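Chains as they are written, first to last, in my numbering: chain G, 10 to 142; chain B, 284 to 592.
All remarks here apply to the structure that follows.
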Amino acid sequence: MRVKVGGEEEEIVAKVEEISGQNIMLCYQCGQCSASCPMADYMDLIPSRVMKMLQLGMVDDVFKANTMWICATCLKCSVMCPKDIDVAAVMEALRQIVLRRNEEYLSLGKISKDRIEELPQIALIASARKMTP
Amino acid sequence: MVGGVGRKEDRKTAYDAGMMKIAYYPGCTLKTTARSFEKSVIASYRVLGIEYIELEKWTCCGTYFSLAKDDLVHHIASIRNLIRVKEAGYDRVVAPCSMCYNTLKMANEEVRNDEEKAYRINSFMDEEEDYRGDVEVLHPFDLLREVGMDRVRGAVKKPLEGLKVMPYYGCMLVRPEIAALGKGELPGIMEDLIKALGGVPVYTPYNIECCGSYHVVSNPDFVMARARDIAKKAVMEGAEVIITSCPLCHYNLDRMQLEAKRKWKDFKEIPAIYFSQLMAIAFGLGKKDIALDGNYVDPRPLFEAKGLV
């Protein structure tokens, strides 16, 4: 049973479920996603906590945290989840909600010309895909 | 066209004749920062009787398969490239870059397994014929399985003499399962290749872990710490060199070790090269085909000391 929070929060959580195709309520907080996440050390909220907060409708705190941007889409969480939740897709949905408001996390214009020339294209294009509208 | 067709018997004839042709999708990075990968993979597979025929027309694959279920437009680039494969008369394509391989294969599976999405994608594309997922996306490792390790062993002119090699798969060759090279966590193909070349595979806790990926653009410090952890475990387990098939993993492991060395003085570097460069070395190919000159952590002293190059 979903904790009734009503209003906008409920709508945003529904949107996350729609874009990711995942049922957030399936998460029972085993923590496998956070334990296997290579980036968890750098996150404001570990992935399992993001799942819990989404269940509770705490979307403002989730969007304030850097977690979705620090996720590197390595898919480790998704293969580790015993409930078969594609946690990486949930992170993608969170990013998409922000990016579809035409807000960017990364400003490619601020990267120096030297670095742009040195970096592999796949790094630049992947960053643009994940962090810019 | 020999080898361009999907029938197993025809492929066998092509292999027996010594030249199996396959459509080759390079992707952006093999043409720029990963030129050593392109040179060595084409040359080493030619030794195995596999000719890579580059597609005349190709574009970026999109780099990352979009996980958003309502985001079909980002699969279009991949699908168009697969249509180019058909237009060129092939029904199989090889993509050596791990990220291209994963993205093309995932988009292909999406079209194969979801009729509604396939319909919407096809309706969106005006100029192309409808695509039904009838091209097979392969990684060079799939081709190694196809030719068999006996052929690889037969091509070795300079056995690696027990060289200890860490096979670094990264993420894109092993996750998710639908795009993975094999069932289960470890595909094992790189280990088999290393053994066939006369080397010894080294198991570390990081062989199928993430290198930090595209964060090298926005958060290079995270990736530097990742590169340090991976290199450190490789050295601790006795590895002398790391091999990979992803130009982004390669850049992260190779380039970021320099940064790690600057930050942690006692850090010990280990060269990272493409698996195809290791093949080219063991097959006794020329310096141009091995292409060891573009690395940040120079692998040449290691191979020169062993008399392999």
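Cβ coordinates follow ideal geometry from the N, Cα and C atoms, glycine included.
Only a predicted model underlies this, so the values are computations on that prediction, with no experimental measurement involved.
It is roughly 31 Å from the alpha-carbon of B/Arg395 to the alpha-carbon of B/Asp475.
Under the Cβ distance rule, G/Asp123 does not count among the residues neighbouring chain B, no pair being separated by less than 8 Å. One alpha carbon belongs to B/Ile461, the other to B/Met389, and they sit about 7 Å apart. Contact annotation, B/Met455 with B/Met507: C-beta distance approximately 21 Å; criterion of less than 8 Å not satisfied.
Interface residue (Cβ-Cβ distance to chain B less than 8 Å): G/Ile131 is classified as such. Per the Cβ contact rule, the region 516-526 of chain B is not in contact with the region 299-316 of chain B (fewer than 3 Cβ pairs under 8 Å).
Leaving aside the five residues that flank G/Cys83 on each side, the residues in its chain whose CB is nearer than 7 Å to its CB run, in chain order, Pro47. In the three-state scheme derived from DSSP, where H, G and I count as helix and E and B as strand, B/Glu334 is classed as strand.
DSSP places G/Glu113 in no alpha helix (DSSP H); its state is neither H nor E.
The residues Ala390, Val394, Ile404, Tyr414, in chain order, have a CB closer than 7 Å to that of B/Ile362 in the same chain once the five nearest residues on each side in sequence are set aside. For G/Met62 and G/Val71, the gap between their C-alpha atoms comes out near 7 Å. Under the 10 Å beta carbon count, B/Met302 is surrounded by fewer than 16 other beta carbons and is classified as exposed. Contact between B/Pro530 and B/Ala317 holds, with the beta-carbon distance rounding to 4 Å and staying under 8 Å. For G/Arg138 against B/Tyr347, the beta-carbon gap comes to about 5 Å, under 8 Å, which counts as contact.
It is roughly 38 Å from the alpha-carbon of B/Asp537 to the alpha-carbon of G/Cys36.
Around G/Met52, the same chain offers Thr76, Ile79 as residues with beta carbons nearer than 6 Å, after the five sequence neighbours per side are excluded.
In terms of beta-carbon proximity, B/His498 lines the interface with chain G, with at least one pair separated by less than 8 Å. DSSP assignment within the region 445-483 of chain B yields the following whole alpha helix (DSSP H) runs of 4 residues or more, N-terminal first: 472-479. Around G/Met140, the beta-carbon contacts reaching into chain B at under 9 Å are Tyr497, Val500, Ser501.
Interface annotation, B/Lys571: not in contact with chain G, CB-CB separation never under 8 Å. With contacts defined by Cβ atoms closer than 8 Å, G/Ser136 and B/Val500 form a contacting pair. Classified as buried, G/Glu101 has 16 or more neighbouring CB atoms from the shown chains inside 10 Å of its CB.
Interface flag for G/Thr82 against chain B is set, since a Cβ pair is found closer than 8 Å. Cβ atoms of G/Val25 and G/Ile106 come within 8 Å of each other, at about 7 Å.
For B/Arg415, the secondary structure class from DSSP, reduced to helix, strand or coil, is coil. If the five residues before and after B/Gly495 are omitted, its C-beta is found closer than 7 Å to the C-beta atoms of Phe505, Val506, Arg509, Asn535, all from its own chain and listed in chain order. For B/Pro470, no CB of chain G lies under 8 Å from its own CB, so it is not counted at the interface with that chain. Using a Cβ-Cβ cut-off of 8 Å, B/Leu531 counts as an interface residue toward chain G, since at least one Cβ of chain G sits closer than that to its own. According to the DSSP secondary-structure assignment, B/Lys304 is paired through a beta bridge with B/Glu334. For the options B/Leu350, B/Lys551, B/Ile526, B/Tyr497, the alpha carbon positioned closest to that of B/Asp512 is the one of B/Lys551.
With respect to B/Asn490, B/Pro450 sits close: the two C-beta atoms are nearer than 8 Å. Around the beta-carbon of B/Lys295, fewer than 16 other beta-carbon atoms lie within 10 Å, marking it exposed.
In the three-state reduction of the DSSP assignment, B/Ala378 falls in the coil class, being assigned neither a helical nor a strand state.
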